[in-house]
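S.K.: Going down the list, the sequences are from chains A and B.
If you count by my numbering, then the first sequence holds residues 49 to 258, one letter each, in order.
If you count by my numbering, then the second sequence holds residues 49 to 258, one letter each, in order.
In this text, a Cβ means the ideal position worked out from N, Cα and C, and glycines have one as well.
Quantities reported herein were computed from a predicted structural model and do not represent experimental measurements.
Handing you a structure now.
2 protein chains.
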Amino acid sequence: MNPIRLAIIEDEVLIQESLKTFFDSVAHIVCLTVSASVEDFLKKLPELEILPDVLLLDINLLGMTGIEGIPLLLHEMPEVDIIMLTTFEDNDSIFKALCAGACSYLSKKTPLKKIQEAVEVVREGGSYMSPSIARKIVTHYAPKTTRQNVLSPREADVVKGIVAGKSYKMIADDLFVSINTVRTHIKNIYKTLGINSKAELIKKSYDGEV
Amino acid sequence: MNPIRLAIIEDEVLIQESLKTFFDSVAHIVCLTVSASVEDFLKKLPELEILPDVLLLDINLLGMTGIEGIPLLLHEMPEVDIIMLTTFEDNDSIFKALCAGACSYLSKKTPLKKIQEAVEVVREGGSYMSPSIARKIVTHYAPKTTRQNVLSPREADVVKGIVAGKSYKMIADDLFVSINTVRTHIKNIYKTLGINSKAELIKKSYDGEV
DNA sequence: TCTAATATCACACAAAGATGTGATGTAATA
DNA sequence: TATTACATCACATCTTTGTGTGATATTAGA
């Protein structure tokens, strides 16, 4: 098996060194370069004769943050798999990193052996998440317990039609009722939800609030 | 530490038994019950003097599917953590299960030891995902590389307003331009995206295609 | 320098949507 | 039994949106 080529962007020297030392001791992983910031790394990039497979990236860096750096890094290395390695576990950072294109997100508390596992998993086309972080992600999908049953079944049908991009007429035909009935339902829906436009309804629907 | 109370819903007898045998041998996990279907499990539920902490749930069952069963199961046991254990790895099943409220999703190929780990992790408030499944989830967030920047900055502003549920008038005021300008932008946006309604635009936006 | 893309504005018309008022019938329930 | 929630329909009115046709100014690139 080809060795996995690794790059590290991390500004805390202690962590830098502990990672470097550890990965240098792993047979099939080579640590190409260690940088303290995204800017630093990008400057060094042209000197590398070969691109890294996997990048360990901190968020809290001098200069631009790791998250801000992701698009730039991916632009230079479209094939690289980015693993965020950070102390931040707030939802915002996690989702921003994933949306930017990171493919794993590890807490810095993760033992080195697990980080190594993550590097390997990622290179094989998988993704490794710290359990607490994975939970936050799945919670993001989970049904919102707050709402529910605010709308009657028929109203829900109408909402479905609206969200699907249908006009009142089309919805009326689908439900075998007159357009006036659809209007009335929508009127009532808007009232219960405290909104007054299709756009807001669709938004709420996509946010799982309906 | 209290033992983890486990329940299993799985229709293949071989897998049933292998799971049961394995977990019976684990000291701090007790397997309360094994059922072949959701209906079966719900029927047995009143007989249990104590509810399970964690539920291993197959998708492909006789009667209702595991995914369809999730809402019912959560209704009876709001505190249970559901781990999907299945051969299906298609995106649709994964996201449907997560949206329904499952908190982990494992391939049946996962070794028993890892399944045990998942049960433990889940009970501690985390979530364990098979690497290939985790990758599918993060890919879902990743920026669509297909077409980016199809819209000009100003057009993007307008889209932002629409998605926020604003009327053309409000958007025009926000951007300090006339409503006609907003109209023109929208006309061009629709043309570029090949759509012809706000609903479709909002949908595309939420799907990350814009 | 010419062109293409962007951003700006105007006018007009038809279709769709938002809002108010009012009404009927059914089913569940207090 | 009376009330309430749902679902159904009608009509009127005004606003918003979708679409077409033009036009002007700026800027970045070929």
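Run through DSSP, which three-state label would S18 (chain B) get?
M.R.: Since the displayed chain B opens at 49 and closes at 258, residue 18 (chain B) lies outside it and no answer follows.
S.K.: Does DSSP put S152 (chain B) in a helix, a strand or coil?
M.R.: S152 (chain B) falls in the strand class under three-state DSSP.
S.K.: Could you tell me whether any Cβ in chain A is nearer than 8 Å to the Cβ of G213 (chain B)?
M.R.: Judged by the 8 Å Cβ criterion, G213 (chain B) is in contact with chain A.
S.K.: At the 8 Å Cβ level, is K217 (chain B) part of the contact set with chain A, yes or no?
M.R.: Chain A contact via Cβ: absent.
S.K.: Among A:G111, A:P94, A:F89, whose alpha-carbon lies nearest the alpha-carbon of L103 (chain A)?
M.R.: Measuring from the Cα of L103 (chain A), the nearest candidate turns out to be A:F89.
S.K.: How many angstroms separate the CA atom of L67 (chain B) from the CA atom of R183 (chain A)?
M.R.: Those two C-alpha atoms are separated by around 24 Å.
S.K.: Quick one: is A204 (chain A) near chain B, going by C-beta distance under 8 Å?
M.R.: No - not a single Cβ of chain B is within 8 Å of the one on A204 (chain A).
S.K.: Exposed or buried, what is K246 (chain A) when buried is set at 16 or more other beta-carbons lying within 10 Å of its beta-carbon?
M.R.: By the neighbour-count rule (16 or more Cβ atoms within 10 Å), K246 (chain A) is buried.
S.K.: Give a single yes or no on whether A55 (chain B) has its beta carbon closer than 7 Å to a heavy atom of the ligand ZN.
M.R.: In terms of ligand content, the structure shown is empty, and the ligand ZN therefore cannot be addressed.
S.K.: Kindly confirm or deny that the segment 148–159 of chain B and the segment 128–137 of chain B touch, where touching means at least three C-beta pairs closer than 8 Å.
M.R.: Touching, yes.
S.K.: Could you list which residues in chain B have their beta carbon closer than 7 Å to that of R183 (chain A), in chain order?
M.R.: Under the 7 Å cutoff, chain B gives C151, G173, G174, S175.
S.K.: Is the distance from the Cβ of T240 (chain A) to the Cβ of V186 (chain A) below 8 Å?
M.R.: Going by C-beta atoms, T240 (chain A) is not nearer than 8 Å to V186 (chain A).
S.K.: Which residues in the same chain as R118 (chain B) place their Cβ atom closer than 8 Å to its Cβ, once the five residues preceding and following it in sequence are excluded?
M.R.: In the sequence as displayed, the identity of residue 118 (chain B) is Ile instead of Arg. Here the set comprises L105, I130, A145, A148, G149, A150.
S.K.: Report yes or no: do the segment 173–181 of chain A and the segment 211–230 of chain B share at least 3 C-beta pairs separated by less than 8 Å?
M.R.: Too few Cβ pairs lie closer than 8 Å, so no.
S.K.: If you draw a straight line from the C-alpha of E95 (chain B) to the C-alpha of S83 (chain B), how long is it?
M.R.: In a straight line, the C-alpha of E95 (chain B) is about 13 Å away from that of S83 (chain B).
S.K.: Classify G111 (chain A) as buried or exposed, calling it buried when 16 or more other Cβ atoms lie within 10 Å of its own Cβ.
M.R.: Exposed: under 16 other Cβ atoms inside 10 Å.
S.K.: Between L146 (chain A) and chain B, is there a C-beta pair that is closer than 8 Å?
M.R.: Yes, contact with chain B.
S.K.: Determine the contact status of V207 (chain B) and A220 (chain B), defining contact as a CB-CB distance below 8 Å.
M.R.: No, Cβ-Cβ distance for V207 (chain B) and A220 (chain B) is not below 8 Å.
S.K.: Which whole-angstrom value describes the C-beta separation of S85 (chain B) and D59 (chain B), a residue pair presumed to lie in contact below a C-beta threshold of 8 Å?
M.R.: Correct: roughly 6 Å between the Cβ atoms.
S.K.: Indicate the three-state DSSP secondary structure (helix, strand or coil) for D255 (chain A) in the structure shown.
M.R.: Residue state, collapsed to three classes: coil.
S.K.: What's the call for P179 (chain B), buried or exposed, on a 16-neighbour Cβ count within 10 Å?
M.R.: By the neighbour-count rule (16 or more Cβ atoms within 10 Å), P179 (chain B) is buried.
S.K.: Taking C-alpha atoms, which residue in B:V167, B:V211, B:N228 lies nearest to L249 (chain B)?
M.R.: Answer by Cα proximity: B:V211.
S.K.: Check the C-beta distance from E168 (chain B) over to I52 (chain B) and give it rounded, since I have them as a contact under 8 Å.
M.R.: Right, their Cβ atoms sit about 7 Å apart.
S.K.: Please give me, in chain order, every unbroken run of the beta strand (DSSP E) with length at least 3 that falls completely inside the segment 67–126 of chain A.
M.R.: With a minimum length of 3 residues, the continuous beta strand (DSSP E) runs that stay inside the segment 67–126 of chain A are 77–83, 102–105.
S.K.: Under a three-way DSSP split, which group does R195 (chain A) fall into?
M.R.: Per-residue confidence for R195 (chain A) stands at a pLDDT of 44, beneath the threshold of 50, marking its modelled position as unreliable; no derived number is given.
S.K.: Would S263 (chain B) be called buried (16 or more neighbouring beta carbons within 10 Å of its own) or exposed?
M.R.: Residue coverage of chain B in this structure runs from 49 to 258, which leaves residue 263 (chain B) outside it and unanswerable.
S.K.: I'd like to know whether the C-beta of K246 (chain A) is nearer than 8 Å to at least one C-beta of chain B.
M.R.: So yes, K246 (chain A) belongs to the interface.
S.K.: Since Y254 (chain A) and Y189 (chain B) should fall inside the 8 Å C-beta cutoff, what is the C-beta to C-beta distance between them, to a whole number of angstroms?
M.R.: Actually they are not in contact, since the Cβ atoms of Y254 (chain A) and Y189 (chain B) sit about 15 Å apart, beyond 8 Å.
S.K.: So which residues on chain A does V167 (chain B) lean against when the C-beta distance must stay under 9 Å?
M.R.: Neighbours of V167 (chain B) on chain A: none; closest Cβ ~12 Å, over 9 Å.
S.K.: Taking buried to mean at least 16 other C-beta atoms within 10 Å of its own C-beta, is H233 (chain A) buried or exposed?
M.R.: Buried, because 16 or more other Cβ atoms sit within 10 Å of the Cβ of H233 (chain A).
S.K.: Closest Cβ-Cβ distance between K251 (chain B) and chain A: below 8 Å?
M.R.: So yes, K251 (chain B) belongs to the interface.
S.K.: What residues of chain B sit near P159 (chain A), judged by a beta carbon separation below 8 Å?
M.R.: Those do not exist, as P159 (chain A) stays about 14 Å from chain B at its closest Cβ, beyond 8 Å.
S.K.: Helix or strand or just coil, what does DSSP make of I243 (chain A)?
M.R.: Note: I243 (chain A) maps to coil in three-state DSSP.
S.K.: I19 (chain A) to I115 (chain B), Cα distance in whole Å?
M.R.: The structure shown does not extend to residue 19 (chain A), since chain A spans only 49 to 258, so no value can be given for it.
S.K.: Mind checking F71 (chain B): buried by the 16 CB within 10 Å criterion, or exposed?
M.R.: Buried is the call here.
S.K.: Quick check: L54 (chain A) and L80 (chain A), are their CB atoms within less than 8 Å of each other?
M.R.: Yes; because the gap between Cβ atoms is below 8 Å, this pair is in contact.
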